[in-house]
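Trainee: Dumping the structure here so I can ask a few things about it.
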Amino acid sequence: MEIDVDEVEAPARAVVDVPRALEAILMVADEPQSLVSLATAVGVPVAAVRQSIERLVADYDGEDGALRRGFELREVGGGWRIYVRPEHDDVVRDFVLTQNPTRLSQAALETLAVIAYKQPISRGSIASIRAVNVDSVVRTLLGRGLITEAFTDSETGAIHYETTDLLLTQLGVNSIEELPHISPLLDDGAEGFGVDGFDGRR
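For the sequence shown, the numbering used here gives the first residue as 58, with consecutive numbering after it.
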């Protein structure tokens, strides 16, 4: 029997519009979300989430005569995430680079340094090194084209990030290897940076 995913009774909730609730979560998610995690988030059965995901995919792809969206819902690393369609990458990149101010915040610069010296690195590892939430900062760096997704861990679903050629151009270097060693730049001359931070070779 097919579940009516538009109106699913959920604990501690009145009535949940499952497709729209999932859409809202996926719009702000930085990592692919599994069906189980999505079901937990909206408080409905996994089967209802699966049906809703299928409906959203069809909606975004313009099936049944609907308008094809500029973004798509893609399954990667065992989960689901919203992506800009490849054919719109160039225009979105140009928009972000021209609309955003060129100056990065201190938080963005620190996060960018962690990625540059420890790449490829996951968002969780970056947060562990900086001891703060880095979700918005990572989104900013992605939007500026200074970092990119290197790969998605097949077991954890965590996306690992690395720097781009644009960063090299901005820094005026040919490769990351030309960055200065990090140890001499530390105040105490220590051979590291926190428990899981930069190694002494850099």
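Where a beta carbon is used, it is the ideal one built from N, C-alpha and C, also for glycine.
Whole angstroms is fine: what's the gap from V132's alpha carbon to I183's?
Mentor: Working through the sequence shown from its first residue, we reach residue 132 at position 75. Working through the sequence shown from its first residue, we reach residue 183 at position 126. Here residue 132 is Glu; the residue named in the question, Val, does not match the sequence. When rounded, the distance between both Cα atoms is 24 Å.
Trainee: Please state if the CB of A207 and the CB of G181 are separated by a distance shorter than 9 Å.
Mentor: Stepping through the sequence shown from its first residue, residue 181 is reached at position 124. Stepping through the sequence shown from its first residue, residue 207 is reached at position 150. Not a contact, by the Cβ cut-off of 9 Å.
Trainee: With distances taken Cα to Cα, identify the nearest neighbour of R160 among P143, L198, V171.
Mentor: As a first step, residue 160 must be located in the sequence shown, where it is residue number 103. Ranking P143, L198, V171 by Cα distance to R160 puts L198 first.
Trainee: Tell me whether the beta-carbon of I82 lies closer than 9 Å to the beta-carbon of A98.
Mentor: The sequence position of residue 82 within the sequence shown is 25, counting from 1. The sequence position of residue 98 within the sequence shown is 41, counting from 1. Against a cut-off of 9 Å, the Cβ pair of A98 and I82 comes out as a contact.
Trainee: Would you tell me roughly how many angstroms separate the C-alpha atoms of Q151 and R126, rounded to the nearest one?
Mentor: Locating residue 151 in the sequence shown gives position 94, counting from the first residue. Locating residue 126 in the sequence shown gives position 69, counting from the first residue. Checking the sequence, you will find Asp at residue 151 rather than Gln. When rounded, the distance between both Cα atoms is 19 Å.
Trainee: Using 8 Å as the threshold, is the region 142-151 in touch with the region 106-113, meaning 3 or more CB pairs across them?
Mentor: The region 142-151 is not in contact with the region 106-113.
Trainee: Please go through the same chain and pick out, in chain order, the residues whose beta-carbon is closer than 8 Å to the beta-carbon of V149, but skip the five residues on each side of it.
Mentor: As a first step, residue 149 must be located in the sequence shown, where it is residue number 92. So the qualifying residues of the chain are V141.
Trainee: For G136, list the residues DSSP reports as bridge partners.
Mentor: In the sequence shown, the residue the question calls residue 136 occupies position 79. Per DSSP, V133.
Trainee: Quick one: give me the first and last residue of the alpha helix (DSSP H) that T197 is part of.
Mentor: Counting from 1 along the sequence shown, the entry for residue 197 is found at position 140. Counting along the chain, the alpha helix (DSSP H) containing T197 begins and ends at 192-201.
Trainee: Hey, out of P76, A164, L166, whose CA is closest to Y117's CA?
Mentor: Counting from 1 along the sequence shown, the entry for residue 117 is found at position 60. The residue with the shortest Cα to Cα distance from Y117 is P76.
Trainee: Suppose only complete runs of 3+ residues qualify. What are the beta strand (DSSP E) ranges in the region 143-193, listed by chain order?
Mentor: The region 143-193 contains no whole beta strand (DSSP E) run of 3 or more residues.
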